[in-house]
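Novice:
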Amino acid sequence: MSFIFKFIFNSRNPHSLRSGPLTGDELKVASEYLIKEVQVREFSKEISALRKGNSILKGCGRDAFREEGGLDFLVEFLFLTDNTIFLEHTLKTLAFVIDENVHSQMYLSKKSVFEVLHTVWKKQSFPAAVQKNALVLMSHILYHNSTAQNLVFETGLLQDLLNMYEQYAQGLMINSSCMTSNLDNSVLNFWMSTNSTLCFAVNNPQNEKNQDICKNIFPVSLRILEFSSNSAVMGSVASFLTLTISDNAKCQDYFASCDGLLVLKRCFQKYFDTLLMDMKICNGITGKETYQAINNIVGIISPACLDHEKNAAICGDLGILSIMIKLLLMETFDCQLKTKIVLSLGHCIAACCMYFSCI
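Position 52 of the sequence shown, counted from 1, bears residue number 52 in the UniProt record's numbering, the numbering being contiguous throughout.
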């Protein structure tokens, strides 16, 4: 960070007495100079400075970095550079600087910034690290940011994310062995990052327009949910489904039309049977992954049936409510999961009172 502060200071018009961010002309001169210097020195000093900056940009230092023009400088350079090495670290540093910083988030919630990220994802020649850091930056911009949620739709970035989600999902499902815990790390990391970014795009705050578009990947998401035995993957896809379905009747309908409730029943039954087997073999001890899987499934059932009579009735017909009641009667689970099960049962019963007799 100190390097960039010094660079900004040295780039300022020597006849100007002002402080604060560089002017547009000063930024242009600074960026052009740095590009030339970077080409000569092969990025070594600048990349080192960015890495060092990541370790010391904490707390109020992030605000100071923005106020002194550091954010302006990085964004300007993001527009100008096409060198993949520097682009990789610029994206990474921007993500770090704006993390949980509302002012910096809003500063990057601009169509021009989103168009740069759109270009990055469209350019297949860019290395994986650049693509990954662009995903991380986008997820930080979207975090609790309705302005960014709207922009991600308007600029076509949401469709880019859906395309990447399906592309990486193919890597997860290329054969049955890929759905085990021994996933290729690069494929897994890309898919997890894309999934996380989509979660921020559809909810917290809720964005119905984005939810309606993201529901199109329910079929592939349900395949991952049903066939993956990787707990991290299952937890991530469960979060996406939960957030996309929540408070959206269209998504609830489409989820059911994709046999989502049937998939939930099969998953629920599978892990319920595993639970019984664990208790029998291990003297009542439940495996952590089995517990987490049941927790994830219950988390999807609740928004799928909330105020939706048809879905609640289907859950009753499939025996999902019966499994939840059986789980409540077990002493294996803690109060947190049992409370979650009670809430899910309540949503189903409130939506379709004919199943009140199940209790």
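For glycine and all other residues, C-beta sits at the position ideal for the given N, C-alpha and C.
#1: With DSSP run on the structure shown, which of helix, strand or coil describes H144?
#2: Suppose the cutoff is 6 Å on Cβ atoms and the five residues either side in sequence are ignored; what does the same chain contact list for L345 look like?
#3: Consult DSSP for D307 and reduce its assignment to one of helix, strand or coil.
#4: Given a threshold of 16 other Cβ atoms within 10 Å of its Cβ, counted over all protein chains shown, does S181 qualify as buried or as exposed?
#5: Give the DSSP-derived three-state secondary structure of F333 in the structure shown.
#6: So, under 8 Å CB-CB, L243 and N203 are touching, yes? Tell me the CB distance rounded to an integer number of Å.
#7: According to DSSP, simplified to helix, strand and coil, what is G235?
#8: Check for me: the alpha helix (DSSP H) holding K110 runs from which residue to which?
#9: Report yes if the CB atom of L343 is closer than 8 Å to the CB atom of I300, and no otherwise.
#10: Straight-line CA distance for H89 to D247?
#11: Among residues of its own chain, excluding the 5 on either side of K340, which ones have a beta-carbon nearer than 6 Å to its beta-carbon?
#12: With a threshold of 8 Å on Cβ separation, who are the neighbours of T197 within its own chain once the five nearest residues in sequence on each side are excluded?
#13: Can you tell which of G260, I314 and Q336 has the C-alpha that lies nearest to the C-alpha of Q292?
#14: With C251 as the anchor, note down where its alpha helix (DSSP H) starts and where it stops.
#15: Taking all protein chains shown into account, do 16 or more other C-beta atoms lie within 10 angstroms of the C-beta of E331, making it buried, or fewer, making it exposed?
#16: Cutting at 8 Å between CB atoms, please list the residues of its own chain near E115, excluding the five before and the five after it.
#17: Report the three-state DSSP secondary structure of F126 (helix, strand or coil).
#18: What is the DSSP secondary structure of S2, reduced to helix, strand or coil?
#19: Is it buried or exposed, T290, if we count other Cβ atoms within 10 angstroms and call 16 or more buried?
#20: Quick test of your reading: L261 and I314, contact by CB under 8 Å. State the CB separation rounded to the nearest angstrom.
#21: Please state the DSSP three-state secondary structure of S322.
#22: Quick check: the region 81-88 against the region 120-129, are at least 3 beta-carbon pairs closer than 8 Å?
#23: Going by beta carbon distance, what residues of the same chain come within less than 7 Å of A169, once the five residues before and after it are set aside?
#24: Is it right to say I281 is buried, meaning 16 or more other beta carbons lie within 10 angstroms of its own, or is it exposed?
#25: Do you know how far the Cα of K92 is from the Cα of S104?
#26: With distances taken from CA atoms, which of S231, D259, N283 and M277 is nearest L318?
#27: When you compare only the Cα positions, how much space is there between Y254 and D63?
#28: Tell me whether N163 sits in a helix, a strand or coil according to DSSP, three-state version.
#29: Around the Cβ of K144, are there at least 16 other Cβ atoms within 10 angstroms (buried) or fewer (exposed)?
Specialist: According to the data block:
#1: coil
#2: M324
#3: coil
#4: The pLDDT assigned to S181 is 48, lower than 50, so where the model puts this residue is not dependable; a value taken from the coordinates is nonetheless given after this. S181 is exposed by the Cβ-count criterion.
#5: coil
#6: 4 Å
#7: helix
#8: Premise fails: K110 is in no alpha helix (DSSP H) and is neither H nor E.
#9: no
#10: 38 Å
#11: V298
#12: L135, M138, S139, L142 and L161
#13: Q336
#14: A249 to S257
#15: exposed
#16: T155
#17: coil
#18: At S2, the pLDDT of 42 sits below 50, so the modelled position is not reliable; the number obtained from the coordinates is stated separately. Helix, per DSSP.
#19: buried
#20: 5 Å
#21: helix
#22: yes
#23: W191, V220 and I224
#24: exposed
#25: 14 Å
#26: D259
#27: 44 Å
#28: helix
#29: The question names Lys, yet the displayed sequence has His at residue 144. Counting Cβ neighbours within 10 Å, H144 comes out exposed, since fewer than 16 surround it.
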